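K.L.:
Mapped onto this note's numbering, the consecutive letters of the sequence shown carry residue numbers 10 to 312.
If you scroll down you'll find the structure; I have some questions about it.
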Amino acid sequence: MADALVIGAGLIGACVARLLAEAGRSVTVMTAQGVADGATRRAVGVAMADPQRSERSEPGLRELLDWATRLRVPFREVAARWLPREGAVRLDDPAERVEQRPAALIDLVALSVRLLNHPAISLRQRIEARGLSRVGAQPLSPLEAVVSGERLLGDRVILATNAYAGLISPYLADAITLARGAVWVSRPLDPGELPALSQPVVVGHGRILAAQHADGRARVGAWRWEGAGEDPDDVTRRFIKHNFPEALDEIAYRQTGVTSVSRDGEPLVGQLPGEIGVLYALAAGPFGAAWAMPMAHRVLGLW
């Protein structure tokens, strides 16, 4: 039995597990897919502080990059163009308000994998938790994840499953709003072929993100919250068509997925009401890379 059972192996779950392991806890991480196969893999690899909460999220971005340096995950610090206005934008429109924001281009999947590479962390992939039960009648009895074929136990459980936490906890289902996302990825292109992406681009509160990475691939993603009515695939196509239409013929593949945000946009960290030892860390939204480490520290503070 582990000290902690972390459900979810995206960037947030990986940060939580690593800090627990560094604090001397034994950790089991379980995920219904592979490591970072959810929203983390479908991000465009732009790590930027939350523009609406920059004072609190900027230290998290710096700590994440410090971990990347320690774990030898390459990244490139850049200035991202942030366009505060929501909706369709044209990058060449002089009327658009544009701000420069510090950011980094980084492989968040590789970082998640290396964060989980620790002797105190046991990783169980492609095992889906369908619920939680307590082993014993006492409030402090160990917790068990309800899975098929085996028992996974922990003194405490941390839900870091983003959109899927609501399947385990009705309380969290009411606390989050789902967001559908689409990411389009090009074949490797020469940087000169896409001058519009000489810097990463972030539109609004992360509703559109675009960047060209060191491998030459351009990545353009869009997120639309539940009830928005727009298909994120259509939003992505329109953004590319308006700003660098030549890339439409160079798209190698597309990915879709879901994530979650809270009602007020704040990341959610806490303990489930009435459930001793069941913690949660989720709903970081499009700027989750900058929130991941601060959220993990808050989990440790609740231990």
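From the three backbone atoms N, C-alpha and C, an ideal C-beta is built for every residue, glycine too.
In this text, all values refer to a predicted model and were calculated from it rather than measured experimentally.
Which value, in whole angstroms, describes the spacing of the CA atoms of Glu72 and Arg307?
P.N.:
In the sequence shown, residue 72 corresponds to position 63, counting from 1. In the sequence shown, residue 307 corresponds to position 298, counting from 1. Going by the C-alpha atoms only, they are around 14 Å apart.
K.L.:
Can you check the stretch 170-215 for any alpha helix (DSSP H) of at least 4 residues that lies completely inside it and give the ranges in chain order?
P.N.:
As far as the stretch 170-215 is concerned, its whole alpha helix (DSSP H) runs of at least 4 residues are 179-184.
K.L.:
Rounding to the nearest angstrom, what Cα-Cα distance links Ala112 and Gly225 in this structure?
P.N.:
Taking the sequence shown and counting its residues from 1, one reaches residue 112 at position 103. Taking the sequence shown and counting its residues from 1, one reaches residue 225 at position 216. Taking the straight line joining both Cα atoms gives about 18 Å.
K.L.:
What do you reckon, are the CB atoms on Leu80 and Leu120 nearer than 8 Å?
P.N.:
If you number the sequence shown from 1, residue 80 lands on position 71. If you number the sequence shown from 1, residue 120 lands on position 111. Yes. Within cutoff.
K.L.:
Given that a residue counts as buried once 16 or more other Cβ atoms are within 10 Å of its Cβ, and exposed if not, what is Thr78?
P.N.:
On the sequence shown, residue 78 is found 69 positions in, with the first residue counted as 1. Thr78 is exposed by the Cβ-count criterion.
K.L.:
Skipping 5 residues on each side, what residues in its chain have a beta carbon closer than 6 Å to that of Ile260?
P.N.:
As a first step, residue 260 is located in the sequence shown; it is residue number 251 there, counting from the start. Here the set comprises Trp193 and Ser195.
K.L.:
Assuming Gly294 contacts Gly215 (C-beta within less than 8 Å), just tell me the rounded distance between them.
P.N.:
Walking along the sequence shown from the start, residue 294 turns up at place 285. Walking along the sequence shown from the start, residue 215 turns up at place 206. Sure, about 6 Å apart at Cβ, within 8 Å.
K.L.:
So who's on the other strand from Val278, going by DSSP bridges?
P.N.:
By one-based count along the sequence shown, residue 278 stands at place 269. Answer is Ala290, bridged to Val278.
K.L.:
Compare the beta carbon distance of Asn126 and Gly47 with 8 Å and say whether it is the shorter of the two.
P.N.:
Residue 126 sits at position 117 when you count from the first residue of the sequence shown. Residue 47 sits at position 38 when you count from the first residue of the sequence shown. No, the Cβ-Cβ distance between Asn126 and Gly47 is not below 8 Å.
K.L.:
In this structure, how does DSSP classify Leu149 when only helix, strand and coil are distinguished?
P.N.:
Stepping through the sequence shown from its first residue, residue 149 is reached at position 140. Because Leu149 sits at a pLDDT of 49, beneath the cut-off of 50, its placement in the model cannot be relied upon, and the following sentence gives the value as read from the coordinates. It is coil, neither helix nor strand.
K.L.:
Taking Cβ positions, are Ala290 and Ile115 nearer each other than 8 Å?
P.N.:
For the purposes of this step, residue 290 is taken as the residue at position 281 of the sequence shown. For the purposes of this step, residue 115 is taken as the residue at position 106 of the sequence shown. Contact: no.
K.L.:
Could you pull out every residue in the same chain whose Cβ sits closer than 6 Å to the Cβ of Thr245, ignoring the five residues on either side in sequence?
P.N.:
Within the sequence shown, the letter at position 236 stands for residue 245. Ala191, Trp193, Val229 and Ala231, listed in sequence order.
K.L.:
Starting from Glu108, trace the alpha helix (DSSP H) both ways and give me its first and last residue.
P.N.:
Taking the sequence shown and counting its residues from 1, one reaches residue 108 at position 99. Where Glu108 is concerned, there is no enclosing alpha helix (DSSP H), although the beta strand (DSSP E) it sits in stretches over Glu108 to Ile115.
K.L.:
Any idea what DSSP makes of Ile21, helix, strand or coil?
P.N.:
Sequence index remark: in the sequence shown, residue 21 carries index 12 (1-based). Here Ile21 sits in helix by DSSP.
K.L.:
Whose C-beta lies closer than 6 Å to the C-beta of Thr265 among residues of the same chain, with five residues either side of it excluded?
P.N.:
Here residue 265 refers to the residue found at position 256 of the sequence shown. Excluding sequence neighbours, Thr265 sits near Ala191.
K.L.:
For Ala205, which residues in the same chain have their Cβ closer than 7 Å to its Cβ, ignoring the five residues on either side in sequence?
P.N.:
Walking along the sequence shown from the start, residue 205 turns up at place 196. Contacts found: Leu100, Asn252 and Phe253.
K.L.:
Thinking C-alpha only, which one of Gly69, Val267 and Trp312 is nearest Ala52?
P.N.:
If you number the sequence shown from 1, residue 52 lands on position 43. For the residues Gly69, Val267 and Trp312, the minimum Cα distance to Ala52 belongs to Val267.
K.L.:
Is Ser271 close to chain B, meaning its C-beta is less than 8 Å from at least one C-beta of that chain?
P.N.:
Looking at the structure shown, chain B is missing, and only one protein chain is on hand.
K.L.:
Short of 6 Å in beta carbon distance, which residues of its chain neighbour Thr186, apart from the five on each side in sequence? Order them along the chain.
P.N.:
As a position in the sequence shown, residue 186 is number 177, starting the count at 1. Closer than 6 Å at Cβ, skipping near neighbours: Trp234, Glu235 and Val270.
K.L.:
For the alpha helix (DSSP H) containing Leu314, name the first residue and the last one.
P.N.:
With the chain covering only 10 through 312, there is no way to say anything about residue 314.
K.L.:
Output the distance between the C-alpha atoms of Arg133 and Leu277, rounded to the nearest integer angstrom.
P.N.:
The sequence position of residue 133 within the sequence shown is 124, counting from 1. The sequence position of residue 277 within the sequence shown is 268, counting from 1. Using only the alpha carbons, I get a separation of about 24 Å.
K.L.:
Span of the beta strand (DSSP E) holding Val44?
P.N.:
Here residue 44 is taken as the residue at index 35 of the sequence shown, counted from 1. Premise fails: Val44 is in no beta strand (DSSP E) and is neither H nor E.
K.L.:
Would you please state the rounded distance, in angstroms, between the beta carbons of Val118 and Leu14? I believe it to be under 8 Å.
P.N.:
Here residue 118 corresponds to residue number 109 of the sequence shown, with the count starting at 1. Here residue 14 corresponds to residue number 5 of the sequence shown, with the count starting at 1. So it is not a contact: roughly 22 Å between Cβ atoms.
K.L.:
With distance defined between alpha-carbon atoms, name the residue in Pro60, Asp12, Arg189 and Asp59 nearest to Val38.
P.N.:
The residue you call residue 38 lines up with position 29 of the sequence shown. Closest by alpha carbon: Asp12.
K.L.:
Which of the three DSSP states is assigned to Met57 in this structure?
P.N.:
The residue labelled residue 57 in the question sits at position 48 within the sequence shown. Here Met57 sits in strand by DSSP.
K.L.:
So within the stretch 231-258, which uninterrupted alpha helix (DSSP H) runs reach at least 4 residues, ignoring any that extend past its ends?
P.N.:
Listed in chain order, the complete alpha helix (DSSP H) runs (minimum 4 residues) inside the stretch 231-258 are 241-252.
K.L.:
Which of the three DSSP states, helix, strand or coil, is assigned to Met304?
P.N.:
The residue given as residue 304 occupies position 295 in the sequence shown. Helix.
K.L.:
Can you look up Arg71 in the DSSP assignment and give me helix, strand or coil?
P.N.:
As a first step, residue 71 must be located in the sequence shown, where it is residue number 62. Arg71: helix per DSSP, three-state reduction.
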